[in-house]
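Residue numbers (my numbering): 98 to 531.
Cβ coordinates follow ideal geometry from the N, Cα and C atoms, glycine included.
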Amino acid sequence: MSKLQPQLRYAVVGLGASGLSSVRFLLKHEVLPLVCDTRQRPPGLASLPSSLQVVCGELPLKQLLECDVVIVSPGIALATPELQSLAKAGVQLMGDVELFCHYAEAPIVAITGSNGKSTVTSLLGEMANHAGVNVAVGGNIGVPALDLLSTQVELYVLELSSFQLETTKSLRAKAATLLNVSEDHMDRYQGMGDYIAAKQTVYQNAEYAVINLDDELSQPQFKPQNSSSFSVHLDADYRLSEDQQYLMRGQQALLATSELALVGTHNFANILASLALAEAAGLNIDACLQAAKNYQGLAHRCQLVARKQGIAWVNDSKATNVGATLAALNGLAGGQGQLWLIAGGDAKGGDLRELKAAFSQVAGVVAFGKDKQRFKDLDQRIELKEDLAESFSWCQQQAKEGDIVLLSPACASLDMYKNFEVRGQHFCELVEAL
């Protein structure tokens with residue numbers, strides 16, 4: 098795999114976190130790239146040295162055509178006309194993860210999926226730490242891939258989005274998984290086929306494929322070199338016992354689910370996937386089991402904020418698509434109390450109809466935000482409110498002791514919030530004010 102070649106001309110398109118890390122990496126290797134962003138004032142602009150040629154407000158095609166390699170940030174679609182013109186002209190387009198793969202010397206575990214990938218990435222990092230391995234965790238979560246590079250690292254654990262995988266050709270993971278597939282980013286893809294194809298590339302050239310037997314769309318479309326499986330419904334290498342009391346490795350009980358801080362069958366699936374990846378990466382299983390017991394989960398992902406007035410308030414603001422909300426509903430429904438759902442936001446052109454059947458599991462649904470009427474179209478009993486605060490108040494009036502109130506929007510947050518974290522934090526503040 099070729100590394101940076103100083104005689105070539107480089108450009109970086111997009112100044113998000115990964116774009117800025119690409120610029121830093123190039124400068125560290127004494128390469129001065131052309132830098133451009135379609136925004137007039139992209140974040141991080143002030144951190145760039147004055148010696149760089151920076152173009153804001155457009156993608157300057159004439160100047161980009163003079164480059165040999167263009168590093169494209171994942172937030173910019175390859176279907177963008179300027180990038181299409183560059184590809185036709187023979188300019189090499191790559192992402193920051195592709196560049197990372199040229200330099201990474203330690204084994205890589207690659208994790209993608211529509212939902213759960215941040216939890217699995219984070220948990221596997223904790224497992225490796227607990228096993229005494231010098232691990233670097235990042236990619237689509239936390240630290241950009243290029244910022245992780247170090248000769249001291251013994252294992253890289255990367256969360257990868259479909260956008261990152263589109264521009265990555267040289268990934269040769271020690272272990273890889275596509276956790277699950279549900280409709281997402283349909284504002285960026287022509288259809289589900291294109292989205293699945295992008296996700297499936299994580300398996301290419303992987304030494305081990307970790308396969309979810311419960312999700313046919315996520316399973317490799319070719320026979321992998323080596324594989325292991327996980328499931329919460331079927332007989333798999335790593336599975337949930339029929340009574341849901343234990344996480345199993347074959348016939349061996351590894352952990353009682355009552356020992357885990359994470360709740361819900363979707364989280365049991367995440368832990369099983371993490372254990373299968375840990376085994377493929379050669380980690381000590383006992384250390385990994387202890388890490389799984391200690392793991393508290395990530396904020397905004399089925400996070401129990403508090404129990405107040407006898408009601409459990411759960412923040413799942415990270416559920417920005419239908420699949421994530423279905424996972425939360427299926428994981429939390431069926432308890433002794435009733436479940437109340439707060440949903441809504443920007444559906445990103447996605448199909449919400451899959452939610453209709455799941456609404457039978459909940460006592461009530463309230464929707465807010467840009468696409469709230471699309472929820473009402475699914476079921477006329479759904480309550481509509483202007484914002485999260487009004488929706489929260491409605492749930493407070495409806496819920497009784499022993500019930501669960503779940504914020505799991507099935508939509509992006511950008512119609513009303515900077516990101517899903519800010520939306521989730523608003524929910525947490527409303528809970529704290531009770």
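- In this model, L257 and K405 are separated by some 37 Å (Cα to Cα).
- Beta-bridge pairing by DSSP links F465 to G441.
- A Cβ-Cβ distance of about 5 Å is found for the pair Y392 and L220, placing them in contact under the 8 Å criterion.
- Contact check for D134 and C153: beta-carbon distance about 6 Å, within the 8 Å limit, so the pair qualifies.
- Secondary structure within the stretch 271 to 345: the alpha helix (DSSP H) runs of 4 or more consecutive residues, fully enclosed, are 289 to 297 (chain order).
- According to DSSP, residue pairing for A353 in a beta bridge involves Y343.
- Its chain contains Y300, A303 and A306 as the residues whose beta carbon lies nearer than 7 Å to that of P321, once the 5 sequence neighbours on both sides are disregarded; these appear in chain order.
- Look at Q160 here: in three-state DSSP terms it is helix.
- In the same chain as A233, and ignoring 5 residues on each side of it, the C-beta atoms closer than 6 Å to its own belong to L245, V250 and Y253, in chain order.
- Cβ atoms of K473 and A486 stay farther apart than 8 Å, at about 19 Å.
- Our two residues, F319 and V462, have alpha carbons roughly 41 Å apart in a direct line.
- With respect to the C-alpha of G113, the residue from H126, L105, L124 and V132 having the closest C-alpha is V132.
- Within the same chain, E356 come within 6 Å of K390 by CB-CB distance, once the 5 residues on both sides are set aside.
- Shown here, L268 sits in coil according to DSSP, grouped into three states, outside any helix or strand.
- Within the DSSP bridge table, the entry for W410 names A403 and V502 as partners.
- Taking Q387 as the centre and dropping the five residues before and after it, the same chain places the C-beta of H227 closer than 8 Å to its C-beta, in chain order.
- If you ignore the 5 residues before and after P130, its C-beta comes within less than 6 Å of the C-beta of Y107, A108, V109 and L123, all in its own chain and listed in chain order.
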